[in-house]
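K.L.:
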Amino acid sequence: MSHRPVSRRSLIAGTSGLAAFAAAGGLTACSSGDSQGPGSGENTATLPTYVPYTGVTPDLPGTDQGVDPAYRRFPAENPRSVEEIPGHGETITGMANIYFAVPPGPDRNSYWAGLNERLGVDLQLQMVSNADYLQKFPTVIAGNELPDMLQVPNGAPPPVPNMPQLLDKRFADLSEHLSGDAVKEYPNLANIPTRHWLSTVYNSGIYGIPIPRGAIANYHFVRADLFEKAGVSTEPKSYDELVDATKALTDPKQRRWAFGLVNQPRQLLGRMNDEPNIWAEEGGKLTHVYETEQYAQTVTDLIAMWKSGVMHPDSFNPAQPFKQLFNAGTVAINAADGYPGWVQYQLDNAGNPDFELGLMPAYARTGGQLAKWNLGSGFFSITLLKKQDDPEKTKTALRVLNWLAAPFGTEEYKYRLFGQEGVDHERDADGNPVLTPTGTANTVLPIRYLADSPYNIYVPGRPQDADTQHAYQSLEVPTGISNPTTGLYSNTASSKNATADKTFQDGVNDVIQERRPFSELKTLVTTWRNSVGDAMRTEYQDALQKAGTTAS
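Numbering (our numbering), first residue to last: -17 to 534.
In structure tokens form, the structure reads like this:
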């Protein structure tokens, strides 16, 4: 098969769904992965060959568009995906964020000791709370001792100024190990689909391992039991039907509202109003969502919703415990939460027989057809490997990451998530591994933020949930639109946009609450453009042009 490069620009304009998402890297139509994809926006690199793992068969298969495979139960047979122990007694260091209390060290943690034994290395981890990670990262970079493996703060693009220059100076270009068929030396890394690698490409090379995430990115969670009680459908098929449903769900005397945080109706209305996925591209020119009539319509709708009282009184407080309010039935719609939240919501409400979790499809404003779904970036973060004097140390680190990226259902995956049977987990009546109190405390090592397998739908003890989620993804993913800047780097976006965007959003929130007139929305957009928007546009457009030129 020939591998004629294809223009990134023409593919974005001519395709939809995750096909466009993959095409956004200037990829050829071949599934082998022998293709070109821009990363820093200045260069291209040969992405790793995609070789899907076939040792475990899902109950409901995934799709090339990005619907995740689904399993009703944990596989009874757990084949090994790594035949040889990765290391030979070396010390491998790493740093990643953690969302839990730091677990005991390997001298008091049989799970960690067993992991070291399986990896054949002394894995030494620096675990930093997620709240502190963005501040800790630059101090580690500035220090003399980099860990062998380092998680970049999550975000797209990563919130790291001058990223290409930093990578060139301090971190390993992994192209010789991972480009094209070279990745087959690490089959679990080859099992990561091509689209997830786009954001690892800088300086014409592959820098790092992606932590893959699903195309669906977020779910529109609803309390189906509250919808039934209110006598309204969980699938409002127009703006008017949505408004009627939100009013029926809201009863301040019972301390119940349709929405909790303002970003929840914001995302849902954005889809109903046909907003672009952050940026829209046409003829090489980019338009940001803030600059569109669709966004202005969404703000208009939010003003009406706020005035009607269907949003929680504390909707503009970013510290609001929206998950707890959803669990308590204080709010009925959580339209902006990550899809892995499905499992946690079910666990949180295991003792509530009335709780019923549902998923709300997004329909176009005028009704009759599904709205376009905003596809995610495809990754959570990337893991960098520092430059090594001994190339064998780099290979050892890659073998460790390959082990940690073991596919769902394999022996390595089972140990990584559930530890040792009889100590860290037990099996339920259906054969699903269930963590013991010891396992709950010991298995939270943040190794999943150093390497991970592609996402799979699986809810222990609730086989029906696999069908529900798979059906929802199968409905929404084919409508998906990509962000044309995915995989491109803007230094302005990484260094300045967070502050400028907060200023903009604070102003928009004032408009929604009618503390400022609607006419000031244009002023807010102009200020944002002058601060960062136009600079980001120029950097991204230059990147698109260079990527298109390279591919042509």
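Where is the CB? At the ideal position from N, CA and C, for every residue including glycine.
Nearest to Pro300 by alpha carbon, out of Pro141, Leu97, Asp50, Gln487?
P.N.:
When only C-alpha atoms are compared, the closest one is Gln487.
K.L.:
For Leu538, which of Trp355, Arg430, Gln402 has the nearest alpha-carbon?
P.N.:
An answer regarding residue 538 cannot be provided, because it is not within the stretch -17 to 534 covered by the chain.
K.L.:
In this structure, does DSSP put Trp385 in helix, strand or coil?
P.N.:
It is helical.
K.L.:
Would Ser472 pass as an interface residue toward chain C - the criterion being a Cβ-Cβ separation below 8 Å?
P.N.:
Any reference to chain C falls outside this structure, which holds one protein chain only.
K.L.:
Please list, in chain order, all residues of the same chain as Gly15 whose beta carbon is under 6 Å from its beta carbon, the five residues on each side excluded.
P.N.:
Low confidence applies to Gly15: its pLDDT is 37, below 50, so where it sits in the model is not reliable, and the reading given next is rough at best. For Gly15, where only same-chain residues beyond five positions count, the Cβ hits under 6 Å are Leu29, Pro30, Thr31, Tyr32, Thr176.
K.L.:
For Arg519, is the classification buried or exposed, using 16 other Cβ atoms within 10 angstroms of its Cβ as the cut-off for buried?
P.N.:
Under this definition Arg519 is a buried residue.
K.L.:
Please name the residue in Lys229, Asp222, Ile198 whose C-alpha comes closest to that of Met213.
P.N.:
Per the sequence presented here, residue 213 reads as Gly, with Met not at that position. Taking only the C-alpha atoms, the option nearest Gly213 is Lys229.
K.L.:
Around the C-beta of Arg237, are 16 or more other C-beta atoms found within 10 angstroms, so that it is buried, or is it exposed?
P.N.:
It counts as exposed.
K.L.:
Please report the distance separating the alpha-carbon of Glu24 from that of Lys219.
P.N.:
In this predicted model, Glu24 has a pLDDT of only 45, less than 50, meaning its place in the structure is not dependable; the value taken from the coordinates is given anyway. About 43 Å.
K.L.:
From Gly489 to Leu116, what does the alpha carbon distance come to, in whole angstroms?
P.N.:
Computed Cα separation, rounded: 25 Å.
K.L.:
Tell me which same chain residues have a C-beta within less than 7 Å of the C-beta of Asn136, skipping the five on either side of it?
P.N.:
Contacts found: Phe362, Ser363.
K.L.:
Assuming Leu284 contacts Ile494 under a Cβ cut-off of 8 Å, what Cβ separation, rounded to an integer in Å, is found between them?
P.N.:
The Cβ separation is near 5 Å, so the contact holds.
K.L.:
What's the C-alpha gap between Leu9 and Tyr35?
P.N.:
Reliability fails at Leu9, whose pLDDT of 32 lies under 50, so the model's placement of it is uncertain and the value that follows must be treated cautiously. Their backbone Cα atoms lie some 21 Å apart in a straight line.
K.L.:
In the DSSP assignment, what residue or residues form a beta bridge with Gly340?
P.N.:
Answer is Val204, bridged to Gly340.
K.L.:
Compare the C-alpha of Arg444 against each of Asn414, Leu470, Ala95, Asn473 and name the closest.
P.N.:
Of the listed residues, the one whose Cα sits closest to Arg444 is Asn414.
K.L.:
For Gly19, does the count of other Cβ atoms within 10 angstroms reach 16, so buried, or fall short, so exposed?
P.N.:
Residue confidence for Gly19 is low, a pLDDT of 38 falling below 50, so the modelled location carries little weight; the figure read from the coordinates is stated next. Buried, because 16 or more other Cβ atoms sit within 10 Å of the Cβ of Gly19.
K.L.:
When you measure from the CB of Ser456 to every non-hydrogen atom of the ligand GDP, does any distance come out below 7 Å?
P.N.:
As far as ligands go, the structure on display features none, and thus does not contain the ligand GDP.
K.L.:
Are the Cβ atoms of Thr425 and Asp406 separated by less than 8 Å?
P.N.:
A contact, by the Cβ cut-off of 8 Å.
K.L.:
Go to Glu473, then tell me how far its alpha helix (DSSP H) extends in each direction, as first and last residue.
P.N.:
Per the sequence presented here, residue 473 reads as Asn, with Glu not at that position. Unbroken alpha helix (DSSP H) run through Asn473: 473 to 477.
K.L.:
Please report how far the alpha carbon of Leu386 lies from the alpha carbon of Thr450, in whole angstroms.
P.N.:
Looking at the two C-alpha atoms, the distance is approximately 29 Å.
K.L.:
Spatial neighbours of Gln527 within its chain, please: CB distance less than 7 Å, with the 5 preceding and 5 following residues excluded, ordered by chain position.
P.N.:
Here the set comprises Gly266.
K.L.:
From Leu243 to Asp296, what distance separates their C-alpha atoms?
P.N.:
Each residue's alpha carbon lies about 7 Å from the other.
K.L.:
Kindly indicate the opening and closing residues of the beta strand (DSSP E) around Leu367.
P.N.:
Taken as a continuous stretch (DSSP letters only), the beta strand (DSSP E) holding Leu367 covers 361 to 367.
K.L.:
At which residues does the alpha helix (DSSP H) containing Val325 begin and terminate?
P.N.:
Run containing Val325: 323 to 330, per the alpha helix (DSSP H) assignment.
K.L.:
Going straight from the alpha carbon of Pro61 to that of Pro436, what length do you get?
P.N.:
Taking the straight line from one Cα to the other gives about 17 Å.
K.L.:
Using DSSP with H/G/I as helix, E/B as strand and the rest coil, what is Thr159?
P.N.:
For the sequence presented, residue 159 should be read as His rather than Thr. It is helical.
K.L.:
Of all the options Asp89, Ser501, Asn473, Pro322, which has the alpha carbon lying nearest to the alpha carbon of Ala138?
P.N.:
Taking only the C-alpha atoms, the option nearest Ala138 is Asn473.
K.L.:
Under DSSP, the alpha helix (DSSP H) around His452 begins and ends at which residues?
P.N.:
Segment 445 to 458, the alpha helix (DSSP H) holding His452.
K.L.:
Quick check: the Cα distance between Ala517 and Lys354, rounded to an integer number of angstroms?
P.N.:
Taking the straight line joining both Cα atoms gives about 28 Å.
K.L.:
With a cut-off of 8 Å on the beta carbons, I'd call Trp324 and Tyr184 a contact; round off their distance for me.
P.N.:
Their Cβ separation, rounded to whole angstroms, is 34 Å, which puts Trp324 and Tyr184 out of contact at 8 Å.
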